[in-house]
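Peer 1: For the protein sequence lines, the chains are A and B, in the order given. Heads up: the first sequence at position 262 corresponds to 914 in our numbering, and the numbers run straight through without jumps. Heads up: the second sequence at position 16 corresponds to 95 in our numbering, and the numbers run straight through without jumps. In this text, a Cβ means the ideal position worked out from N, Cα and C, and glycines have one as well. Here the structure is a predicted model, which means the values were calculated and not measured. Quick one: structure below, then a few questions.
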Amino acid sequence: MPSTRNIRRRIRSVKNTAQITKAMQTVAASKMRKAQDAAVNGRPFADRAIRILANAARSLEDYEHPLLEEREVRRRAVILITTDKGLCGGLNAYLMREAAKYDRESTVFIAAGRKGAQFLARTRRNLAAEFSFADVPTFSDAMTIANAAKRIFTEREVDRVEVLYPKFINTLTQQPKAQVLLPMECLWEEGGAGQDGEKGGNPTEVDYLFEPGASEVMNGLLRWFLDFQILQLMLETKASEHSARMVAMKNATENADQLIKDLTLTYNKIRQAGITTELLDISVAQLAIS
Amino acid sequence: MAATLKLEIVTPEGQVYARDVDMVCLPGADGELGIFPHHAPLMTLLGEGEIIARRGPEEDRILVTRGCADVTGNAVSVLTVFATDEAYLDEVKAEEARQRAEARLKEKLSPEETSLVQASLAHSLAQLKIKRRPRL
C-alpha cells in the first residue's frame, strides 16, 4: 500500500490539474457562446446566397464562368480547416482520419489552422499552402483562402476544391464534413455551409430578369459569395472547437473531481488503518507493562 | 386583403428585417427599383441607398451598401454585408465604424480588402448623413 504522504501529494497534484481544466472550461464556455451565435447567425446568409446563385445559374443555361466549369476530376485540392490548439477532445483526430482517406498522389492540401498543417507535414502529404486565422475569423482571412482556392482552380492545377471542416451541430456533437467548393455547381447540389433546414433550397425554374446585366450580376455574386462560404465554414469550425473544448474540459474536471474523491477515500482508509495499528501497539504495550 | 410581398434582409451577422410589406423600393446599381407584388422574377445588384418598405401608412427604411436582391413572385430577399434598420440607427456606433474604416484604409490592404473597407466607410458615412439630416 502506498504511504499517506504519496497519496497526499497525488491529491494535491490532481487538485491543481482540476483547477486548470476548470479555468479552461470557463474560458471555452464564454468563447463558445459567441462562436456558436456567429455560426448560427451566419447560416441564413450562406443558405440564401447559395439559393440565389443556384436560381440564377439555372435560368442562365449556357452561362460560363471559370468558377463554374466542371471538369473530370483528376487532381483535387482539399482545404483542411482545423483548430490551432489541442485540448479539444477528438475534434481534430476525427478530421484527420477523414483527411487521411484522400488519395496521396492526386490530392493537394491547403491547411487552415496549425493542427492540420502539423498533421499533413507529419504524414508527408502534399501541402500547397498554410493559412492561419484569428479566433474570431475575419472576412480577410476567408478571402485569402478563397483567393488561393480560386487561383489553383482557374489555373487548372486542380479540377475540384473541397473543404474538410468540423460542422457544428450542437454543443455535444460536431461532425467532420467534406464539402465541394469548386466548381460552384456542386455547392448548390449538395446544399451549402448553412443547411438551415431549407438546404440548397427548392430551386425555382424561372426566367430571371437581370439588372444591370446577367454577366455583371453573376460576376458580382460569384466573387463575394465564395468568400462568404469559406467564412461561414471557418465560423462553424470555431464554434465546433470551442464547444468541443468546453465539453472536453468539463469531462476532465469531472474526472479529476472523481479521482480526488477516490484518493481521499483511500487516504482516509490508510490513515485510519495507521491509527488503529498505533492504538493496538499502545494497548499491547500497556498490557505488557501491567 | 391585397397581395403582400415578403421582404427579408439578411447579412452575415443574421437577419436584419423580415416582414410582409405592400411595396418595396430598392436602390439598384443603376437606379431605384419599385417592386410591387407579382413582380417578374428579377435579380439585381444593389448600390448604396435606402430600401424603403411600405406597410399601409407606415414606412420602414433600411440603409444598405451594396449587395444583391432576389425577387421571386411574392418574396424579396436582400443579401448584403451592410444593412442598418434606420429605426435602430446608432450615431455613436456609426461614428466608431467610420473611424475604424478610415484607420484601416491607411494600412496596406489587398485590392479586395480595400473595396470592402471602402464599402464599410461609405455605409457608416451614409448612416451619419441620415442621422444628421434635418427632420422634415
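Helix or strand or just coil, what does DSSP make of A:I821?
Peer 2: If DSSP states are grouped into helix, strand and coil, A:I821 belongs with coil.
Peer 1: Given this structure, state the Cα-to-Cα distance separating A:D859 from A:I704, to the nearest angstrom.
Peer 2: Near 13 Å, if we compare the C-alpha coordinates of A:I704 and A:D859.
Peer 1: A:Q847 CB to nearest chain B CB: under 9 Å?
Peer 2: For A:Q847, the predicted model reports a pLDDT of 48, less than 50, meaning its position is unreliable and no value from the coordinates is stated.
Peer 1: What are the residues in the region 85 to 100 of chain B lying within 7 Å of chain A by C-beta distance?
Peer 2: Within the region 85 to 100 of chain B, the qualifying residues are V89, T90, P91, E92, G93, Q94.
Peer 1: Using a Cβ-Cβ cut-off of less than 7 Å, list which residues of the region 684 to 706 of chain A approach chain B; keep chain order.
Peer 2: Within the region 684 to 706 of chain A, the residues whose Cβ lies closer than 7 Å to some Cβ of chain B are N693, G694, P696, F697, R700, A701, I704, listed in chain order.
Peer 1: Is A:N871 buried or exposed, if buried means 16 or more other CB atoms sit within 10 Å of its CB?
Peer 2: Counting Cβ neighbours within 10 Å, A:N871 comes out exposed, since fewer than 16 surround it.
Peer 1: Across the region 778 to 798 of chain A and the region 707 to 714 of chain A, are there enough close Cβ pairs to call them in contact, namely three or more that are closer than 8 Å?
Peer 2: Too few Cβ pairs lie closer than 8 Å, so no.
Peer 1: Which chain B residues are close to A:A708, counting only those with a beta carbon under 7 Å from its beta carbon?
Peer 2: Near A:A708 (Cβ distances below 7 Å), the residues of chain B are M122.
Peer 1: For a contact defined as C-beta to C-beta under 7 Å, what are the partners of A:G715 on chain B?
Peer 2: In the sequence on display, residue 715 of chain A carries Tyr and not Gly. Correct list: empty, because the minimum Cβ distance to chain B is about 12 Å.
Peer 1: To the nearest angstrom, how far is the alpha carbon of A:A687 from that of A:R923?
Peer 2: Whole-angstrom Cα-Cα distance: 49 Å.
Peer 1: Taking the straight line between their C-alpha atoms, what separation do you get for A:T929 and A:Q671?
Peer 2: Roughly 36 Å separates the two Cα atoms.
Peer 1: Between A:A830, A:S867, A:L874, A:L824, which lies nearest to A:V899 when the distance is taken from Cα to Cα?
Peer 2: Selected option, being the one with the closest Cα: A:L824.
Peer 1: Just the chain B side, please: which residues come within less than 7 Å of A:Y860 by C-beta, in chain order?
Peer 2: Chain B residues near A:Y860: P120, L121, M122.
Peer 1: Pick helix, strand or coil for A:F785, following the three-state DSSP scheme.
Peer 2: Correct three-state label for A:F785: coil.
Peer 1: What residues in its chain sit with their C-beta under 7 Å from that of A:A800, if we drop five residues either side in the sequence?
Peer 2: Answer for A:A800: I762, A781, listed in chain order.
Peer 1: Hey, is B:F115 close to the ligand SAM, as in C-beta under 8 Å from one of its heavy atoms?
Peer 2: Here there are no bound small molecules, and the ligand SAM is not part of this structure.
Peer 1: What does the alpha-carbon distance come out to for the pair A:R685 and B:V103?
Peer 2: Using only the alpha carbons, I get a separation of about 36 Å.
Peer 1: Could you spell out the range, first to last residue, of the beta strand (DSSP E) harbouring B:G128?
Peer 2: Note, B:G128: beta strand (DSSP E), 121 to 134.
Peer 1: Strictly under 9 Å for the Cβ-Cβ distance: is A:L883 near chain B by that measure?
Peer 2: So, interface residue.
Peer 1: By Cβ distance, which residues of its chain are closer than 6 Å to A:R777, with the 5 residues on each side in sequence left out?
Peer 2: Result list for A:R777: F761, in chain order.
Peer 1: Spatial neighbours of B:L204 within its chain, please: CB distance less than 7 Å, with the 5 preceding and 5 following residues excluded, ordered by chain position.
Peer 2: Within the same chain, B:L204 has close Cβ partners R177.
Peer 1: Compare the beta carbon distance of A:A708 and A:F862 with 9 Å and say whether it is the shorter of the two.
Peer 2: Cβ distance < 9 Å, so A:A708 and A:F862 count as in contact.
Peer 1: Are the beta-carbon atoms belonging to A:D811 and A:R756 less than 9 Å from one another?
Peer 2: Not closer than 9 Å, so no.
Peer 1: Does any CB atom of chain B fall closer than 9 Å to the CB of A:L873?
Peer 2: By this cut-off, A:L873 is an interface position.
Peer 1: If you measure beta-carbon to beta-carbon, which residues of the region 812 to 823 of chain A are closer than 7 Å to chain B?
Peer 2: Residues passing the 7 Å Cβ filter: none.
Peer 1: Ends of the alpha helix (DSSP H) at B:M102?
Peer 2: Not the alpha helix (DSSP H): B:M102 falls in the beta strand (DSSP E), residues 102 to 107.
Peer 1: Here's the rule I'm using: 16 or more other beta-carbon atoms within 10 Å means buried, otherwise exposed. How should A:E888 be labelled?
Peer 2: Answer is buried; the Cβ neighbour count reaches 16.
Peer 1: Just the chain A side, please: which residues come within less than 7 Å of B:L195 by C-beta, in chain order?
Peer 2: By Cβ distance, chain A contributes F791.
Peer 1: Which same chain residues, not among the five before or five after A:Y746, have their C-beta less than 6 Å away from its C-beta?
Peer 2: Here the set comprises P828.
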